[in-house]
Structures are given as structure tokens and as C-alpha cells.
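Working notes, structure below.
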Amino acid sequence: MIYSAIPLAQTVIELCKSKGLKHIVISPGSRNAPLTIGFTHDSYFKCYSVVDERCAAFFALGIAQQLKEPVAVLCTSGSALLNYYPAVSEAFYSNIPLVVLSADRPEFKIGIGDGQTINQPNVFKNHILYSANLKLDIKEEHRHFSSEEFPIFKTIELKLEHLFKLQENVQDTNEIEINKALNISKTKQGPVHINIPLDEPLYNRVDTLKVNPKVITATLPELELDFETIEFCADDWNAAERKLILVGVNGPNEIEQKYLDLLAEDESVLVFTETTSNVHHDNFFTSIDKIITPLSEEEFKALQPDILLTFGGLIVSKRIKSFLRTHKPKQHWHVGLEKANDTFFSLNKHIETTPNQFFSQLTIRTTIVESDYKNYWNQIKELREQKHETYVKDVLYSDFKVFDILLKTLRKDSVLQLGNSSTVRYAQLFKLPLDVEVFCNRGTSGIDGSTSTAIGCASATTKPTTLIVGDLSFFYDSNALWNNYIPASFRIIVINNEGGGIFRILPGHKDTQNFDYFFETKHHLSAKQLAEMYKFDYQTASNEVELETALDTFYSASKSPKLLEIFTPSTINDSILIDYFKALK
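Those letters in the sequence shown? Residues 630 to 1214, per our numbering, in order.
The structure is reproduced here in C-alpha cells:
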């Protein structure tokens, strides 16, 4: 075995190993060399080299998203660390265990004009579960002491004895901090930051360990549900004739189907899901905007629930947010171990347990309530589906038509990664195959990092992965393709409408030079050259016939990943979508 000669680097690596942190995404640099040496020379770790730090962090996030276990990113000092921030904030709001390992210069070199130096401790303080700011090894630091600075040291023996005690204290403190950070990331499922000061020489190696760090076992959160709480919930549930369950971002197969089946049978319960919810039942309402956009005020009042129950992550639909903020439920309960967002300004219960644990106790205490709530809204749902099919049948070639075709032709038993902005919103309007798992970076809902996340996902799952993404998001994250770990089964579909098409749907003055340049950001770029540079098989389509022809072979086995660029007419996409919602009435 080969190790860095620096004890602190050895300690970090050994504790990562003891915690089962296996995947390390490394961006090149000099200050992080001691850590890179240790990780890459230990066969326990699976190491990846990704040059662009922003892409590296989202790539790691995609791996952690699939494995549901901590994944580390490692960078050099200075501004490299700041490039992790978009992915750190996404991990924070999406509850993804991302471990940031940043090499830093010693404290005595901070603020004196040394290169690649910023104030790294606590740099993510508003979007991190824990920041561990380690101390430099005394044995590395003591050569900077002098008798003038420390006149108390009268003899070399006293000085060394004092330094030895300091060294023991520093080692203990560092070990505690590293253990704490890694334990929090694993148990609370979120990002942590470990800042590691390292002094030169950075490249010295040894063949034996100098450290034997203490491992502190993580304490898992209690899942016991308070008896009194569940009794109160059951009483209120049995008394309510209108219950609405709204499911946000949810991982595949996280909720036991037997509980979903019971909820689907209750006449007093509506279950609203989104594309990112990953829960399925024929009796659920899968396209929220399709249901509620055409409603009258009287119908909104008929939909207003007595109890709103939410679980999962953030909600995509702006319309359901607006509805529930205006027509507030009498009670809003949120079930989950993580933070509960008061999205609708009516939250009165945060039940800190898993949905499975909650439903296991609720369902044995409740009965099906007689109500016409579901029957009434089932009729609305059937009417919307009929009008949807009629509209889709005759609609012109556009973004809307493209999504209708794409989502019907996805590979079976695959993973779908969606870009943000208009992409995820269009996907909300259509049915997807039940065996397709859906993911999207909805924590911050940014367009940055969608491609990098999808590639990280593709490298970590055995299922074939497809990314559907808008043109601005794709070009913004084009360095994501600078990656040596893209499987041949990976597919990218870029919807190129030559700008930020969603801004044409939002309120504002359109068809002006100012709007085109500053809001829609018109462009005439193509992904063709990027595909060629990064060795992707490239296909293109500019009409319905070309699209269907391209899809005939797009998912077939290949030696290289593939990219399909679909050009759509930017000037009619907004009017077609607006007309669609009008046609649903």
C-alpha cells in the first residue's frame, strides 16, 4: 500500500473507509495531492477524475441519488471549492448525502496574498448540515514556531513535550470532527463539508500508516411514532370527508404498495402525484395541472380538503401551490424525517417518521369514509383525459407534440432524468410507463447540473438512463460531457427551441428585441459539434416524421452513448400550450 506521509490525510482517508464511503470524485490539483494519493492507491475506493468542479459535484450527486449513500467530492484549495456550491445547495434541499472534502492552505498562509487561497471554513454555512474545520498537524506546523514568539519554551525538551500534548489534542479533535461530519451525512441524508489544511511537502509517500483513528459509530434516528399523535390523527382522519394526499419528489419503491392500495380504495381520499413522485395506482391523479387549471371558483371550493397530507420532497406544480394557498385546508400534516416546508401557509403537524411507518399505524386505526369526493373528481379526471387525447391528436409539431411522442417511447425498466424549467413541466402533462423511474434536481430547480447529475446516475445504476433536457440547460452544463465514465447505454435528448421557451409562457412583453435578447436569450447553437468532440453518436429531428424515424434506432444497443437533438418552432410553443389548457375546459 502507498499512503501520503501526512498523518491528517491518512486520518481522513481511513475514517472515510471505516464509514463505508466508497465513491470519491476527484478534481485535479496540487493542494489535495496527499488525499488523492491515499484514495487512488487504496483498492477499496472507486475513484473518478472529473476536471470541472461544478460538474464533478453534480456527477457525485447523481451517484449518491441512486445509491442513497454518501459520495465524496475532493478538490484543491481556493475558488475550486466555490464551484461545488450549486450541487451542495441542491443536495441540501433534496436530502442527498454529498461529502465535500476540500484541501486548504495552513492558517498562517491565509490572508497574506498566497495563491489559490480564500476563506474556506464554513463557506457553505447556509446550505450545509455540518462543517468540520480541521486543524493542521502540529508536527507539520511546529517548524513555524520560534522562541521569540513563544518565550515560555526555555528548552528544546519543554517545547517538544508541549508540542506532543498539542499534537494529541489536535488529532483527537480532528478525529471527532471527521466522524461527526460523516455520521451526519449518512444518518440525516444531506451535504457536509470537511475542510482539511495541508502543508508542504505534499507529495511525500510512505508504505505504512502513522495513524489509527478512533471510529465513532453513527446513531440512527428513532422511528417510533408517538401513540398520542397517531390517535389524534386517526380520529381526525375518520371524521373528515375530504382528504387530499399530495406527493412530492419521492424515490422509486420507497412507499409500500399495500398502503397505496388502501388509500386508493377510500372514497374520501384523493391522491395527487407528480411525475417525480414515483408512486402509481390507476385511481391516483397523475397530472395535477391538467385537473385544476380549468377549474371555476365553485369547483375550487369543491376540491378544498379538510385534511391535506403531504410527504416527499418539493412540489413542481405552481397551480396546486396557488390553489392550496388560496383555499387552505383545515389541517396540513407533513410526514417525513427531514424538514417540513410550510409551502401552503397552513402546516400544523410535522409527523417525524417515515411514510411507511405512519401509514402502517394510521391504516389499522381508520376506516373507509363514505363520501362523493373521489367520485366527483374521477368524473373530472375522465373528462380531462378525453379532451387531452382529442387535443394531442391534432396538435401541430411543437414542444408539446414532441413530449407526447418521447414519453410514450421510453425504454422499459429504465431511468429518466429530467431537466428543469419547461422540461419537467411538460412531462407533468403526460402519462409515463410505470416501470420508468423519474428523477429531477428539484431541490433548487436550477438548470445547472442536469446533465452532470444524469451522467452520475447512469454510472451508478444498472438500468439504462435517458436525459431529456432543454437547450439552455444543456449548453450551460456542456462540460458534463468531459467525463470518462459515460456508459454506452446513456441517451441525451435535447429539445432545442433556440432559447428559454418557458419565458414566452410567463407574463411579459414578447416579440421585442429586449425580450428576445435578455429573457428568452435567443441563439442558433447546435449540439452537433459537442457530440462529435465527446464521441456521442448524433441524431437530429426537425419534424414529427424525422422524430419518429430517429426514435426507431435511438435506443438500440451501441458502442457509444447517443444524443438526439430535436429542433422545435419557438414562436408557436407558448400559444399551443396556452390553447391546450383552454381546450381542457
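Ideal Cβ positions, reconstructed from N, Cα and C, are used throughout, including at glycine.
This one's a predicted model, so the numbers in the text were calculated from it and none came from an experiment.
> Straight-line CA distance for isoleucine 1216 to glutamate 698?
Replying inline: The requested residue 1216 is not part of the displayed model; the chain covers only 630 to 1214.
> Hey, how far is the Cα of cysteine 862 from the Cα of leucine 991?
Replying inline: 8 Å
>> Assuming isoleucine 917 and serine 946 are in contact, meaning their beta carbons sit under 8 Å apart, how far apart are those beta carbons, in whole angstroms?
In response: 5 Å
>> Can you find the residues in the same chain that come closer than 7 Å, C-beta to C-beta, to leucine 1025, ignoring five residues on each side of it along the sequence?
In response: Ile1201 and Ile1205
> Of the choices Tyr714, Leu1035, Glu804 and Gly649, whose alpha-carbon is the least far from that of threonine 1178?
Replying inline: Leu1035
>> Can you give me the C-alpha to C-alpha distance between phenylalanine 914 and phenylalanine 1165, rounded to a whole angstrom?
In response: 38 Å
>> Can you tell me where the beta strand (DSSP E) holding aspartate 1181 begins and where it ends?
In response: That residue, aspartate 1181, is in no beta strand (DSSP E); its alpha helix (DSSP H) goes 1173–1183.
> When you compare each of Ile1084, Ala709, Ser706 and Val729 to valine 717 by their alpha carbons, which one comes out closest?
Replying inline: Val729
> What residues match up with tyrosine 1167 in a beta bridge as DSSP calls it?
Replying inline: Leu1192
>> Cutting at 8 Å between CB atoms, please list the residues of its own chain near asparagine 803, excluding the five before and the five after it.
In response: Leu637, Thr640, Leu763 and Lys764
> Comparing alpha-carbon positions, which option in Tyr673, Pro663 and Ser672 lies nearest serine 731?
Replying inline: Pro663
> When you compare only the Cα positions, how much space is there between leucine 703 and proline 1116?
Replying inline: 23 Å
> How many angstroms separate the CA atom of phenylalanine 987 from the CA atom of tyrosine 722?
Replying inline: 23 Å
>> Check whether the stretch 845–859 and the stretch 868–884 are in contact - that is, three or more C-beta pairs closer than 8 Å.
In response: no
> Which residue or residues does DSSP assign as beta-bridge partners of histidine 652?
Replying inline: Lys675
> Taking contact to mean at least 3 C-beta pairs separated by less than 8 Å, is the stretch 1082–1100 in contact with the stretch 963–972?
Replying inline: no
> Applying the criterion that 16 or more other CB atoms from any shown protein chain within 10 Å of the CB defines a buried residue, is glutamine 800 buried or exposed?
Replying inline: buried
>> Could you pull the DSSP bridge partners for alanine 1186 from this structure?
In response: None; alanine 1186 has no bridge partner.
>> Quick check for students: name the residue ranges of the alpha helix (DSSP H) that lie wholly in the stretch 678–761, counting only runs of 4 or more.
In response: 682–696 and 714–723
> Where does tryptophan 866 sit, in a helix, a strand or coil, going by DSSP?
Replying inline: helix
>> Using DSSP's beta-bridge definition, name the partner residues of glutamine 960.
In response: Ile936
> Thinking C-alpha only, which one of Ala1212, Leu976 and Gln1046 is nearest leucine 690?
Replying inline: Gln1046
>> Going by beta-carbon coordinates alone, are lysine 1215 and isoleucine 936 separated by less than 8 Å?
In response: Because the chain is modelled from 630 through 1214, residue 1215 falls outside the range shown and cannot be assessed.
>> Rounding to the nearest angstrom, what Cα-Cα distance links lysine 809 and isoleucine 757 in this structure?
In response: 13 Å
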